[in-house]
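Numbering (mature numbering (1 follows the signal peptide of the UniProt record, and there is no 0)), first residue to last: -32 to -1, 1 to 218.
Beta carbons are placed, not taken as given, at the ideal position from N, Cα and C, and that holds for glycine.
Here the structure comes first, spelled out in structure tokens, and everything after it is commentary.
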């Protein structure tokens, strides 16, 4: 009987030792644990998990990108332009581009007068049937030159962020809309990052032919100072049309 008990005890110790070795082997291969030497022994602690792990499910665990911050509240093209220029000077090119893009949909110096249609059919810029109860309605919007300015500045923002292809596309939209100040483009320190060859090729595509073009000169005089910031339009004010019914001074 004693010999049988010794055999059972040895078998039990063998099973415990085997179980311990298997557990240690599993722990040593776990991705969530890593050994730390402590005076000749190994102490297992949880490893630091990162988003860049290659194991399954890491993509779903990645945090979503932060939402863009709200733009300042502006009501006119010129207000949006001023804020966009401040953002550009501060190096916040992404929000500056968003502000310049927003400026194109805000009231600027563009004016149009629509006449009310008869029968409640809305307004018409070309008139309509006589409507004794109707009148003229003024529409205010960003002018063609102001839209050119906004897209020019957006091209500068994209170029400053390294998106040269998008910068070239926006600049071509500006030239395609009739912008002809080629010297400003050539001397702009931000747009120079697009490359002189690309700028010259784009300008030559839209450069008007004529006496100045035939002689190899520019159709506009060169500016004295190099432009190092986005284009700014002069502030334009609109005083309205003269009132034909106003009393004339004798």
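Check	Outcome
Proximity of residue 123 and residue 76 at Cβ, strictly below 8 Å	no
Buried versus exposed, by CB contacts within 10 Å (16 or more), residue 119	buried
8 Å Cβ shell around residue 171 - same chain, five flanking residues per side excluded	143, 150, 153 and 154
DSSP beta-bridge partners of residue 104	83
Boundaries (first-last residue) of the alpha helix (DSSP H) holding residue 42	No alpha helix (DSSP H) contains residue 42, which DSSP labels as neither H nor E.
Extent of the continuous alpha helix (DSSP H) to which residue 158 belongs	Careful: residue 158 lies outside any alpha helix (DSSP H) and carries neither H nor E.
DSSP state of residue 147 mapped onto helix, strand, coil	coil
Residues bridged to residue 109 (per DSSP)	78
Residue 220 - DSSP class collapsed to helix/strand/coil	For residue 220 there is no data in the structure shown, the boundaries of the chain being -32 and 218.
Sequence-distant residues of the same chain with beta carbon closer than 7 Å to residue 167, five excluded per side	153, 154 and 159
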